[in-house]
Amino acid sequence: MKVSKKVVGVEYAIRDIVLAARKVEQKGMQVDYLNIGDPVQFGFQPPNNVKQALINAINNGDNFYSSSEGLLELRQEIAKKENAKGLCITADDILITNGVSEGLDMVISSIVEEGDEVLLPGPYYPPYASYVRLHGGVPVEFGVDLNNSTPDIDDIKSKITSKTVAICLISPNNPTGVVFNENSLKELVDIANEHDLYIICDEIYDQIIFDDKFVGIGKVARDSPVIILNGFSKVHLMSGWRIGYIAFNQSPQLKELREHLPKLARVRIATSLPVQYAALESLRGPQDYIHDFISEIKKHRDLVVKRLNEMPGLSCPNPKGAFYAFPKIEDDRFGNDKEFVTKLLEQKGVLTVHGSGFGEQYGRGHFRLVYLPNLKVLDSAMDKIQEFVSQ
Ligand SMILES: Cc1ncc(COP(=O)(O)O)c(C=O)c1O
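Following this note's numbering, the numbering of the sequence shown begins with 1 at its first residue and continues without gaps.
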C-alpha cells in the first residue's frame with residue numbers, strides 16, 4: 001500500500017542511530033549512550049513534591065479530559081514565569097501542549113504552506129526541519145558563529161526571499177549550546193520586522209545556562225509577532241510526562257493565527273490533566289532542585305570540553321547552555337561525520353550523533369554528545385574517544 005512521500009522523508013538522527021547501537025550490543029559490547037538529551041534517563045528525577053502532585057491528582061479523581069487550552073492555574077503560573085523573562089501576557093496567551101514537539105507541529109502547520117521557507121539556525125534541533133518539510137515547506141539554514149554565539153546577520157539577509165514566512169530561534173541551542181545575547185536578539189527581531197516574519201523562539205533550556213545571563217526573546221520583541229515554545233522536559237525533569245506550552249505575545253500581527261491555531265488544540269482534545277497538576281507544582285514549589293541540577297551538569301560540561309579540546313583532531317567551543325557539546329572533527333581520517341560516529345560506536349562502544357543529522361550545511365564535520373551521564377561514565381567515555389582519535 002502507498003505511503004506519503006512526506007512521511008518517507010522524515011528523519012530523526014538522535015533516535016535513528018540507536019538501531020546501530022543495538023547491533024553493537026548484540027555483539028556483546030557495552031555501549032555508552034551519549035546520544036539522547038533526556039536528564040531523567042541519567043538519574044535526574046523530578047522532586048518528590050512534583051511526583052506527589054501527579055499521584056494526588058490521580059487519587060483526587062482528576063482523570064478526565066482537561067480543557068483544550070489547559071488548566072487555568074497552570075497557564076497563570078506560566079504567564080508569571082514568562083513575564084519575569086520580559087513578556088507581558090496572561091493565561092489567555094498560553095496553550096498547553098504535549099511537549100514542545102506538539103506545539104511545534106501546531107505552529108508550523110498553522111503558518112507553512114507548500115513552498116514556504118522557514119529560516120533555522122544552523123545547526124538546529126532536527127524536528128524543526130522535519131515539521132517544516134512535513135507541512136510542505138522548505139527549511140533554510142543560516143550560519144551561527146559557534147565560538148562567539150552570534151547569528152550571521154548578513155547570511156540571514158541574503159537568504160530571505162518572498163517565500164520566507166518565519167525565523168526560528170533556539171536559545172540555548174540544541175545541538176551547540178549557543179545562547180544569543182540581547183544585542184543579537186534585537187538584530188534578529190529587526191530583520192523579522194523588516195520582512196514581516198513570524199519569530200518562533202524555543203526556550204526549553206531557558207534556565208540551563210552556565211556563564212552568561214539568559215535573555216528571553218520577550219525582553220526585546222516589543223510588539224513583533226513572537227511565538228514562544230517551552231516545556232517541562234529539561235529544566236523541570238519531566239521528559240516522560242510530555243508537557244509543554246505555546247505562548248503568544250500581544251502582537252496585533254498574531255490575531256489571525258491566534259484565532260485558528262487553537263482549533264488544532266481542540267481536535268487533539270487535551271493534554272494529560274494529572275501531568276498538568278504536576279507541572280503546576282513544579283513551578284509553584286521549591287526551585288532548588290533546578291539549581292542543583294545545573295551546578296552538577298556545569299561540572300560535566302567543564303570536564304567534557306576540557307578533555308575534547310586536549311584530543312588530537314578535535315576542537316570544541318564552550319557550550320553556554322543546555323547539555324550538549326558539539327565538537328568539530330578537524331581532519332577527514334575517519335571519513336565524514338557519519339562514518340566517524342559509526343566507527344566510534346563500533347570500535348569503542350560510544351554512541352554520539354553525527355553533526356549532519358542537525359542540518360547538512362552547518363552540522364557536517366561535527367558530532368554531538370550529551371554530557372548528562374555521571375562524571376565517572378563521562379570520563380571513561382572521554383578515554384575511549386581519546387583512544388579512538390589517537391590511533
Ligand atoms: C530545542 C528542543 N526543543 C524541543 C525539544 C523536545 O521537547 P519536548 O520534550 O517538550 O517535546 C528538545 C528535546 O531535545 C529540544 O532540544
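The beta-carbon is built from N, C-alpha and C at its ideal position, and this holds for glycine as well.
Which one of the options has the shortest CA to CA distance from residue i?
{"i": "Asp211", "options": "Ala322, Val304, Met382, Val165", "result": "Ala322"}
{"i": "Val112", "options": "Val132, Tyr245, Tyr124, Val31", "result": "Val132"}
{"i": "Asp155", "options": "Gly143, Glu11, Ser162", "result": "Gly143"}
{"i": "Lys320", "options": "Gly177, Asn63, Leu146", "result": "Gly177"}
{"i": "Phe44", "options": "Gly363, Ser67, Glu296", "result": "Glu296"}
{"i": "Lys159", "options": "Ile191, Asn183, Pro175, Leu264", "result": "Ile191"}
{"i": "Leu134", "options": "Asp145, Asn147, Glu117", "result": "Glu117"}
{"i": "Gly365", "options": "His236, Gln26, Phe334", "result": "Phe334"}
{"i": "Glu346", "options": "Met1, Leu54, Ile36, Ala21", "result": "Ala21"}
{"i": "Tyr12", "options": "Gln361, Val389, Ser380, Gly355", "result": "Gly355"}
{"i": "Arg201", "options": "Pro121, Lys263, Lys213", "result": "For the sequence presented, residue 201 should be read as Cys rather than Arg. Checking every option, the nearest Cα to that of Cys201 belongs to Pro121."}
{"i": "Ser109", "options": "Asn35, Val138, Gln386, Ser390", "result": "Val138"}
{"i": "Asn428", "options": "Gly216, Glu194, Gln287, Thr271", "result": "Nothing about residue 428 can be read from this structure; the chain reaches only from 1 to 391."}
{"i": "Leu303", "options": "Met382, Lys5, Val107, Gly115", "result": "Met382"}
{"i": "Gly86", "options": "Val100, Glu203, Ser67", "result": "Glu203"}
{"i": "Glu339", "options": "Ser251, Asp93, Ile17", "result": "Ile17"}
Hey, is residue i close to ligand 1, as in C-beta under 6 angstroms from one of its heavy atoms?
{"i": "Ile36", "result": "no"}
{"i": "Ile199", "result": "no"}
{"i": "Asn374", "result": "no"}
{"i": "Asn174", "result": "yes"}
{"i": "Tyr245", "result": "no"}
{"i": "Gly143", "result": "no"}
{"i": "Asp16", "result": "no"}
{"i": "Ala362", "result": "It should be noted that the sequence gives Tyr, not Ala, for residue 362. Result no, Cβ not under 6 angstroms from ligand 1."}
{"i": "Gly177", "result": "no"}
{"i": "Ser272", "result": "no"}
{"i": "Ile170", "result": "yes"}
{"i": "Val370", "result": "no"}
{"i": "Tyr125", "result": "yes"}
{"i": "Ile228", "result": "no"}
{"i": "Gly231", "result": "yes"}
{"i": "Gly122", "result": "no"}
{"i": "Asp353", "result": "Here residue 353 turns out to be Val, not Asp, going by the sequence shown. The answer is no for Val353."}
{"i": "Val275", "result": "no"}
{"i": "Val100", "result": "yes"}
{"i": "Ile217", "result": "no"}
{"i": "Asp288", "result": "no"}
{"i": "Ile78", "result": "no"}
{"i": "Asp202", "result": "yes"}
Please work out which residues of its chain come closer than 7 angstroms, Cβ to Cβ, to residue i, disregarding the five sequence neighbours upstream and downstream, and give them in chain order.
{"i": "Leu197", "result": "Thr164, Val165, Ala166, Ile167"}
{"i": "Met29", "result": "Gly349"}
{"i": "Thr161", "result": "Glu117"}
{"i": "Asp105", "result": "Tyr131"}
For residue i, does the three-state DSSP call read helix, strand or coil?
{"i": "Ser101", "result": "helix"}
{"i": "Val7", "result": "helix"}
{"i": "His366", "result": "strand"}
{"i": "Ile204", "result": "coil"}
{"i": "Lys320", "result": "coil"}
{"i": "Pro151", "result": "strand"}
{"i": "Gly244", "result": "strand"}
{"i": "Glu69", "result": "coil"}
{"i": "Lys328", "result": "strand"}
{"i": "Val305", "result": "helix"}
{"i": "Asp292", "result": "helix"}
{"i": "Phe340", "result": "helix"}
{"i": "Phe142", "result": "strand"}
{"i": "Val235", "result": "coil"}
{"i": "Leu372", "result": "coil"}
{"i": "Asn49", "result": "helix"}
{"i": "Asn249", "result": "coil"}
{"i": "Asn56", "result": "helix"}
{"i": "Ser272", "result": "coil"}
Within a Cβ cutoff of 6 angstroms, which residues of the same chain sit near residue i, ignoring the five residues on either side of it in sequence?
{"i": "Lys384", "result": "Lys348, Val350"}
{"i": "Pro47", "result": "Tyr289"}
{"i": "Ser171", "result": "Val179, Phe180"}
{"i": "Tyr33", "result": "Leu351"}
{"i": "Asp38", "result": "Ser239"}
{"i": "Leu119", "result": "Val140, Phe142, Ile167"}
{"i": "Val341", "result": "Thr352, His354, Phe367"}
{"i": "Tyr128", "result": "Leu120, Cys168"}
{"i": "Val275", "result": "Trp241, Ile243"}
Starting from the C-beta of residue i, find all residues in its chain whose C-beta is less than 8 angstroms away, skip the five residues before and the five after it, and write them out in chain order.
{"i": "Asp337", "result": "Ile329, His354, Gly355, Ser356, Gly363, Arg364, Gly365, His366, Phe367"}
{"i": "Ile294", "result": "Gln207, Ile208, Ile209, Phe210"}
{"i": "Asn147", "result": "Pro317"}
{"i": "Tyr371", "result": "Leu34, Ile297, His300, Arg301, Leu303, Val304, Phe323, Tyr324, Ala325, Leu378"}
Taking only beta-carbon positions, decide if residue i is within less than 7 angstroms of chain B.
{"i": "His135", "result": "Reference to chain B is not applicable here, since this structure consists of a single protein chain."}
- Can you list the beta strand (DSSP E) stretches of 3 or more residues lying completely in the stretch 75-135, in chain order? Here the runs fully enclosed are 94-97, 117-121.
- In chain order, which continuous runs of the beta strand (DSSP E) of length 3 or greater are located wholly inside the stretch 151-227? The beta strand (DSSP E) runs lying completely inside the stretch 151-227 and spanning 3 residues or more are 164-170, 198-202, given in chain order.
- Runs of alpha helix (DSSP H) wholly within the stretch 14-43 (minimum 4 residues, chain order): The qualifying runs are 18-26.
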